[in-house]
Amino acid sequence: MYKKKECVAMLLAGGQGSRLYALTTKIAKPAVTFGGKYRIIDFPLSNCVNSGIDTVGVLTQYQPLVLNEYIGNGQPWDLDRSFGGVHILSPYQAKNRSDWYKGTANAIYQNLYFIKTYDPDYVLVLSGDHIYKMDYSAMLDFHKENGAACTIAAIKVPMEETSRFGIINTAEGGRITEFEEKPKHARSDLASMGIYIFNADKLYSYLEADDADPKSTNDFGKDILPKMLAAGERLFAYTFEGYWKDVGTIESLYEANMDLLGENPTLDLSDSGWRIHSRNPIAPPQYVGKDAKIRNSIVSLGCEIEGTVENSVLSSGVVVGKGAVVKDSIIMSGAEIADGAVVTYSIVDEEARVGASARVGEERASGNGITVVGRGCKVDENAVVGGGQILDICEK
Amino acid sequence: MSNAIGIVFSNIHDSDLPELTQQRTLASIPFCGRYRLVDFTLSNMVNSDITKVGVITKSNYQSLMDHIGSGKDWDLARRYGGLRILPPFGVQENSSLYNTRLEALKNNVGFIEKSSEEYVVMTDCDLVCNMDYDEVIRFHIRRNADVTLVYSMADAAEMTPTNNTVLSLGDGGKVEEMAFAPRVHGKVPLFANVFVMKRDLLYNLVKDAISHNKHHFSSEVIAENIDALRIYGFEHRGYIAKITSLVSYYEKSMELLDRDRMNEIFFNNNVFTKVRDSAPTVYGDDASVSNSLIADGCVIEGKVKNSILFRGVNVAKGAVVDGCILMQDTVVCEKASLKCIITDKNVVITERRKLAGCDVNPFYLRKGSTV
């Protein structure tokens, strides 16, 4: 029986995320915890499902264990399907070649067989390191209306920050005229979000040509898109309005978490019309002790709070002991802040332990930066970890 | 995999809690922030390696079906065994719904017959405890028993019309007498309505009872065979909360604010429930929370103490919630004040409203009401 899918999503999740330092020593960037109970990949996956796209290939390469386990059969996202659903695509050995994924385009190229199984009209390419809520079906409509070969999602950024992004110059109607990679003097404030929709046949032919070109770096942004533009293809920019954050650095990951706090948070996770699905931990409700003080914070399942928590984001199963203070910080699942410890302006990764009366981090005002306690690290009793220090993963 | 099947009675004690079972089974009564009573029973089954579980339903069971679904959240969506809902089975000569445990078993004799496991564990859904059925089965085998009844030492005052079987125990826990609603005082071995026996024996007892037109399982089938069968009592020594009335529902809920009890029930985070994908709970700038259990998806801007908040509860600025159980999606508007109140799901407490019950007689607001 002939079956097809209109649109297949390919999620690039193989990056190391080296600028997240200790947070990605053992796990791939898309598997990093965000917003208490989520992992970064929950956002693009949930966006797919909420946009009606039920076939997603997740391309993994770097430290895939946690990510693979987390995605599993895709049940939390309703992606356990008999036709379609979520598939982990890791590099594999083939008859004529066996390569790691060399670039974003090469990763997709090596999995063309997967895409072609579904005979899609369109292919959506996503990155696994952005936090945003976006309806891809609206972007697909835009793509169809314009009869485009490729549509790139773009967001307006402040003019002074354009030098950090891939900037898109467009003509009337959104047709792309030029790409500028991190320009010193940009002529537009439209930055590429790294989200592409291709007509499937165009994608196939450009990927095949790219693979045959030995000088190519096999990257969408550097090779495929400029070649398409040069060949006169119809490339359009779809302007996205809303919250979008690349969480590729410690600072941006921290800021994105902090965006969840406050009276009217810039990122709203409780929107029942656009639920972010995740694999839920199995834990009882959080317990807030008799002397606990919690304000302006987000706290997840299974936490036990006896101390003070302010302007912070706590993942599931976090323990904050008596007299302990957690301020302006992100504490990931299963971490323990023992009695009397003080954690300020820090990220404490999963299963780490800050010993009794230890001091971790310094106020933001000190200018020393965010302190990071890596996965499973133990900070001794009464120890002091200064502002901006990064304790890498500690093996058990 | 254990060599036993589980049978769970979801409706047996509905009449004990008329308020909370108006629109649901006793099994689907919300408990402890994010659970339903059946979660504790099903989790005990799974944690005891019993992976074929029949849940006998009678009436009002939409909420239960909605909650347990395929059994996936308990790892009970299985190719072999897994969860089986056993709804009423109408046959021509017996078209009315059953009223007793025995009648329920008669209706489901096929499930018992067609299984291949050696043992059966039968339980109700009014217990909140961490019980290892495997340990009970091992005790059963060690004693070479025909029937094992699980009991706990309980205050005689806790007896109710559906929960009143007191055991008299001899050597090694041999049950010498089963007394129904006796006049007793102090701590007594109160039967928890958990039975273990061989599947064949249960099948034969039920078949025999049908041919003798009996109605009550404990009194007419088990108690009357007390000399013919080797019946033993197994004491559950751990914490056990029996939900027998609205007041006990309130008391037992509040007991879970005690960390030791909570840690015993939730040892190793092994109580499973349906997942709702709520966002984590948000504490506002003026939030003040103490000694409370808070589920996911709440937004708290007011004062909450000594309370249990279910998923999606909203406590606005200036509101005070003390000694309350607020079920899913309850909204407490600004400056409202609640003391010893149980709200069912989707209740709205309007601005500045002041409501109070007392701890021995909490005030209950029914599902969907606005006050």
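Line order of the protein sequences matches chains A and B.
Counted the way the working numbering counts, the first sequence spans residues 204 to 599.
Counted the way the working numbering counts, the second sequence spans residues 14 to 384.
All C-beta atoms in this analysis are idealised placements derived from N, C-alpha and C, irrespective of residue type, glycine included.
Keep in mind that this is a model prediction, so the values were computed, not measured.
- Taking all protein chains in view, the Cβ of A/Gly-465 is surrounded by fewer than 16 other Cβ atoms within 10 Å, so the residue is classified as exposed.
- Between A/Tyr-316 and A/Gly-377, the CB-CB gap reaches or exceeds 8 Å.
- Here A/Cys-251 is buried, its C-beta having at least 16 other C-beta atoms within 10 Å.
- Annotated three-state conformation of A/Phe-317 is helix, per DSSP.
- With a threshold of 16 other beta carbon atoms within 10 Å, A/Arg-284 falls short and is exposed.
- For B/Tyr-296, the residues of chain A that pass the 7 Å Cβ criterion are Ile-497, Arg-498, Asn-499, Ser-500 and Val-502, in the order they occur in the chain.
- With respect to the 8 Å criterion, A/Thr-263 and A/Gly-217 are classified as neighbours on the basis of their beta carbons.
- Residue state for A/Pro-279 is assigned as helix, using DSSP reduced to three classes.
- Between A/Asp-449 and A/Asp-332, the CB-CB gap stays under 8 Å.
- Between the segment 273-284 of chain B and the segment 237-257 of chain B, the count of C-beta pairs closer than 8 Å reaches three or more; the two stretches touch.
- At a cut-off of 8 Å between C-beta atoms, B/Asn-60 does not count as an interface residue with respect to chain A.
- Within the model, the alpha-carbon separation for B/Leu-322 versus A/Phe-382 is close to 52 Å.
- Using a CB distance cut-off of 8 Å, A/Ser-536 does not count as an interface residue toward chain B.
- Going by DSSP, B/Met-210 is part of the beta strand (DSSP E) stretching over 200-211.
- With respect to A/Val-545, A/Val-551 sits apart: the two C-beta atoms are not nearer than 8 Å.
- The beta carbon of B/Lys-380 lies closer than 7 Å to those of Gln-36, Asp-357, Lys-358 and Asn-359 in the same chain, with the five residues before and after it left out.
- When secondary structure is reduced to three states using DSSP, A/Ser-481 falls in the coil class, being assigned neither helix nor strand.
- The beta carbons of B/Ser-181 and B/Ala-192 sit about 7 Å from each other, so the pair counts as a contact at 8 Å.
- In the structure shown, A/Asp-344 adopts helical secondary structure according to DSSP, grouped into three states.
- Closest in alpha carbon position to B/Ser-266, among B/Asp-27, B/Asn-16, B/Asp-29 and B/Cys-45, is B/Cys-45.
- Look at B/Ile-81: its C-beta is not under 8 Å from any C-beta on chain A.
- The beta carbon of A/Gln-313 lies closer than 6 Å to none in the same chain, with the five residues before and after it left out.
- Identification of residues in the segment 477-495 of chain A having a C-beta nearer than 9 Å to some C-beta of chain B yields Arg-478, Ile-479, His-480, Ser-481, Arg-482, Asn-483, Pro-484, Ile-485, Ala-486, Pro-487, Pro-488, Gln-489, Tyr-490, Val-491, Gly-492, Lys-493, Asp-494 and Ala-495, given in sequence order.
- Contact between B/Cys-337 and B/Ser-320 is confirmed by a C-beta separation of about 5 Å, below the 8 Å threshold.
- From the beta-carbon of A/Gly-505, the residues of chain B found nearer than 8 Å are Asn-282.
- Each of B/Tyr-262, B/Val-312 and B/Asn-157 was checked against the Cα of A/Pro-468, and the nearest Cα belongs to B/Val-312.
- In this structure, B/Leu-378 and A/Tyr-490 do not form a Cβ contact; the two beta carbons are roughly 25 Å apart against a cut-off of 8 Å.
- Residue pairing from DSSP places A/Asn-372 in a beta bridge opposite A/Glu-381.
- Rounded to whole angstroms, B/Leu-77 and A/Lys-405 show a C-alpha spacing of 51 Å.
- Distance from the CA atom of A/Tyr-548 to the CA atom of A/Ile-593, rounded to whole angstroms, is 12 Å.
- Excluding its 5 nearest sequence neighbours in each direction, B/Ser-303 has C-beta neighbours in its own chain below 7 Å: Lys-318, listed in chain order.
- Put simply, of A/Val-261, A/Gln-219 and A/Gly-239 the residue whose alpha carbon is nearest the alpha carbon of A/Asn-276 is A/Val-261.
- Burial is judged here by how many other beta carbons sit within 10 angstroms of a residue's own beta carbon; B/Ala-205 has at least 16 and is buried.
- When the Cα atoms are used, B/Ile-150 and B/Glu-126 turn out to be separated by approximately 20 Å.
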